[in-house]
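Written out below as structure tokens is the structure these notes cover.
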């Protein structure tokens, strides 16, 4: 039984900031234990009381300064805010299912603030991509009339804009997952919004499993899972039949037109993608002025299409790229007001989360780079694939926000109908060795016991462990080795990562990066059945009898030598004449650049760690050698 004074302190701890409570209670426990053994505690009690008072004052200050949201009344989610607030108040978890244009991403945090959430702890708001986290933080800040980084801030890899006065924290789902390492109960948050959960990335699936395990330990935590209209029942069932609140979208009619690249008529030639895009833009602008959003698989396709559009259209047309690796300043240009006709060229970052303002027209070639494990080659690849119907519908929904729109699909209606309804969750497209490796690094427990929404097959788990043993990434107790920790920091297939780590030790990193990136893409050598002999003759110049891997080095050298001397169109022709896919060669080049960048980042980290250990050793040596550090003789 606590004494009256300690009992009062215990009550006051419940009025402190969430992040402070565990440590304050631990200190109170120490004092109670010391009292029982009749040791003096006056000084410790005064210090504890002062810290409790500081934390209570901070909480009260946050309550007084809580932002008062002003809503955009025409958004569907705002019209349902009473129902949403009641559902949040009555349940620990709710699933908010909102169509494109409903306003769920920007208005939900405001509804939480109006309920008094965000006072004792932050409202954490996750996004699948950095670009979305930054831009949404800026938008909500603007709506709350608060400078970015004050009431609303963000944290992404290599950058954060937060202050002690922040209430709403936007971040990538990977950042929240990483925070579980130091804050296992996520005690800095009183509310979590897991946005765009339908994307079902590995990080999202990890978070949803982790949060389900966390809920019994954090009965005060409120969790809101948001999803497009894609199978919300799965999320509800995962959280013990959590209620689903549905919100319609705010959209105008959107006409869908199909303009396939290939014709059913055998006498007609297939249309090249860049020609089809130019024709589609011309067709749309004959309808009337309006901004155009064009989806493309990657950065290279965006650069090449931008060049074609600049050559085709007058200088008055503004052509803007939008992809994850752009700087924040370049990305923000898309959201700035403008007076000229605009064409935005985007990867699938613009499919969800981000609303590019003013879009009247969408052009959808129907493809995207989708990470997928190849059991045949036993490596993770990033091929260009047909998107699902759900992704195509998301793309179509990017227009029709402010006026009637048109979506041109560069494929047939029959092609659309034949596509899978949804994109496979990442866990079903990933080598389980990678999943196990990341789970070990994040200390998420045993993969076979983890509460996944869709648990992986047992045989795939067994094969994943076998692969990691084979690579030396885990020991006989299935724990990560030093090499395993290094592999976990390389976001590549573990086999590719192991090659790279070995190459670093053997001083052949340049060559192995070329080979490793080749294994991550489709073979660029084309061998049509009716021209197999001619293709074999053309490919003979790249053959190395010692190894297929050395053949990759010859092919790489040939392509880059040609690229130095030939223009784009002549380089394409040279590839075609030698029975090589220009697209896959460029993809190989892009993957090589990405891998090279990742390895350089890891090298920089290793160098910094080595320097820190070296400096720590010198300081320790100096301390031991210093007379002042030795105990004085009494």
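Residue numbers (the numbering used here): 92 to 725.
Using N, Cα and C, we set each Cβ at its ideal position, and we do this for glycine too.
Just so you know, these numbers come straight off a predicted model, no measurement behind them.
{"query": "Cutoff 8 Å; reference residue 716; Cβ partners in own chain excluding five residues on either side", "result": "Any answer about residue 716 is weak, because its pLDDT of 43 lies below 50 and its placement is not dependable; what the coordinates show is given next. So no residue of the chain qualifies."}
{"query": "Environment of residue 366 [buried if 16+ CB atoms lie within 10 Å]", "result": "exposed"}
{"query": "Inter-residue Cα distance where the pair is residue 294 and residue 268", "result": "7 Å"}
{"query": "Proximity winner among 199, 660, 124, relative to residue 234 (alpha-carbon distances)", "result": "199"}
{"query": "Distance between residue 122 and residue 100 (C-alpha atoms, nearest Å)", "result": "11 Å"}
{"query": "Other residues of its chain near residue 479: CB distance less than 8 Å, five sequence neighbours each side excluded", "result": "510, 511, 512, 513, 514"}
{"query": "CB of residue 181 within 8 Å of CB of residue 281, strictly", "result": "no"}
{"query": "Identified DSSP bridge partners for residue 329", "result": "DSSP, once it has assigned bridges, lists no residue as partnering residue 329."}
{"query": "In DSSP terms, what residue 693 is bridged to", "result": "None, per the DSSP bridge assignment."}
{"query": "Opening and closing residue of the alpha helix (DSSP H) in which residue 650 lies", "result": "639-656"}
{"query": "As assigned by DSSP and simplified to three states, the class of residue 391", "result": "helix"}
{"query": "Boundaries of the beta strand (DSSP E) in which residue 549 is found, first to last residue", "result": "Note, residue 549: premise wrong, no beta strand (DSSP E); alpha helix (DSSP H) at 549-562."}
{"query": "Of the residues 289, 536, 124, the one placed nearest residue 191, counting alpha carbons only", "result": "289"}
{"query": "Residue 638 versus residue 644 - alpha carbon distance", "result": "10 Å"}
{"query": "C-beta contact flag for residue 239 and residue 194 at 8 Å", "result": "no"}
{"query": "Contacts around residue 626, its chain only, beta-carbon distance under 8 Å, and the 5 residues preceding and following it disregarded", "result": "616, 617, 618, 619, 670"}
{"query": "Where the alpha helix (DSSP H) through residue 196 begins and ends", "result": "195-205"}
{"query": "Residues bridged to residue 599 [DSSP beta-bridge criterion]", "result": "Beta-bridge pairing links residue 599 to no other residue."}
{"query": "Cβ shell of residue 672 (< 6 Å), same chain only, five flanking positions each side left out", "result": "615, 617"}
{"query": "Rounded Cβ spacing between residue 417 and residue 410 (contact assumed at less than 8 Å)", "result": "With 8 Å as the limit, residue 417 and residue 410 do not qualify as a contact, their Cβ atoms being about 14 Å apart."}
{"query": "Euclidean distance between Cα positions of residue 699 and residue 593", "result": "21 Å"}
{"query": "Which of helix, strand or coil DSSP assigns to residue 233", "result": "helix"}
{"query": "Buried versus exposed call for residue 255 [16 or more other C-beta atoms within 10 Å across all chains shown]", "result": "exposed"}
{"query": "Residue 346 burial status per 10 Å Cβ neighbour count (16 or more: buried)", "result": "exposed"}
{"query": "Range covered by the beta strand (DSSP E) that runs through residue 386", "result": "382-386"}
{"query": "Candidates 186, 350, 320: closest to residue 332 by CA position", "result": "186"}
{"query": "Touching by the beta-carbon criterion (3+ pairs, under 8 Å), the segment 438-454 and the segment 485-503", "result": "yes"}
{"query": "Residue 530 - containing alpha helix (DSSP H), residue span", "result": "523-532"}
{"query": "Local Cβ density within 10 Å of residue 143, reported as buried at 16 or more and exposed below that", "result": "buried"}
{"query": "Exposure label - residue 161; buried when at least 16 CB within 10 Å", "result": "exposed"}
{"query": "Residues sharing a beta bridge with residue 437, DSSP", "result": "386, 413"}
{"query": "Reference residue 250; option with closest CA among 237, 297, 419", "result": "419"}
{"query": "Closest Cα partner of residue 586 within the set 604, 300, 569", "result": "604"}
{"query": "Environment of residue 466 [buried if 16+ CB atoms lie within 10 Å]", "result": "exposed"}
{"query": "Where residue 218 falls, given that 16 or more other Cβ within 10 Å makes a residue buried", "result": "buried"}
{"query": "Integer Cβ distance of residue 207 from residue 157, believed to fall under 8 Å", "result": "7 Å"}
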